[in-house]
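Asks:
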Amino acid sequence: MEFFLKAFKAKKSLQKMLKGRIKLKHSLLFLLFLACLFLVWQFYLPKSFSRSENIVYAAKKGMGDEDIAKELLGLGIIKNNLFFEAYVVLSGKHGKIQAGKYSLSASMSVASIIRKLVLGEVIKDKITILEGWDLNDIA
Numbered sequence: 007m008e009f010f011l012k013a014f015k016a017k018k019s020l021q022k023m024l025k026g027r028i029k030l031k032h033s034l035l036f037l038l039f040l041a042c043l044f045l046v047w048q049f050y051l052p053k054s055f056s057r058s059e060n061i062v063y064a065a066k067k068g069m070g071d072e073d074i075a076k077e078l079l080g081l082g083i084i085k086n087n088l089f090f091e092a093y094v095v096l097s098g099k100h101g102k103i104q105a106g107k108y109s110l111s112a113s114m115s116v117a118s119i120i121r122k123l124v125l126g127e128v129i130k131d132k133i134t135i136l137e138g139w140d141l142n143d144i145a
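Residues in the sequence shown are numbered consecutively from 7, following the working numbering.
(1) Report the residue from S113, N142 and K31 whose alpha carbon sits nearest the alpha carbon of I84.
(2) Please classify L78 as buried or exposed, where buried requires at least 16 neighbouring CB atoms within 10 angstroms.
(3) Looking at the unbroken beta strand (DSSP E) that takes in S109, where does it start and where does it end?
(4) Would L110 pass as a contact of N60 if the rule is Cβ separation under 8 Å?
(5) Between the alpha carbons of W47 and I119, how many angstroms are there, rounded?
(6) Taking 8 Å as the threshold, find out whether the region 28-37 comes into contact with the region 88-103 through three or more Cβ pairs.
(7) Comparing C-alpha positions only, which one of S115, D73 and Y108 sits nearest to F55?
(8) Could you give the C-beta distance for A65 and E91, rounded to a whole number, given that I count them as a contact under 8 Å?
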């Protein structure tokens, strides 16, 4: 009879331990889910959902990701410079940002800003060449 009581108690303690492990797994999964939501919020949602005015930003030749992130933070275009830098590195775009003048706004996500900077979607100036002008007149 004692053998059955010990086996029953061992079974009960094993069940408690398994329940604890299941709760731990659920807690870790929930924390992982929250972390993913936070990263999506940082990378793919804009700083401002309202229509904000575009700002002309000039990325100079030789500027690094960190310099650009700090300037964009100072201009109020991005929420956090560290997440900007992290996205540049994690997306494999480190060192691929092109120099130029860009039209950016706080209603753009970090991902769309970086995509624009990497693809070189600069502001294009229109020029008019008058009929009859030659190369010397244009220059």
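For every residue, glycine included, the Cβ atom is placed at its ideal position computed from N, Cα and C.
Replies: Let's see:
(1) S113
(2) buried
(3) G106 to L110
(4) yes
(5) 15 Å
(6) no
(7) S115
(8) Between E91 and A65 the Cβ distance is about 14 Å, and since that is not below 8 Å, they are no contact.
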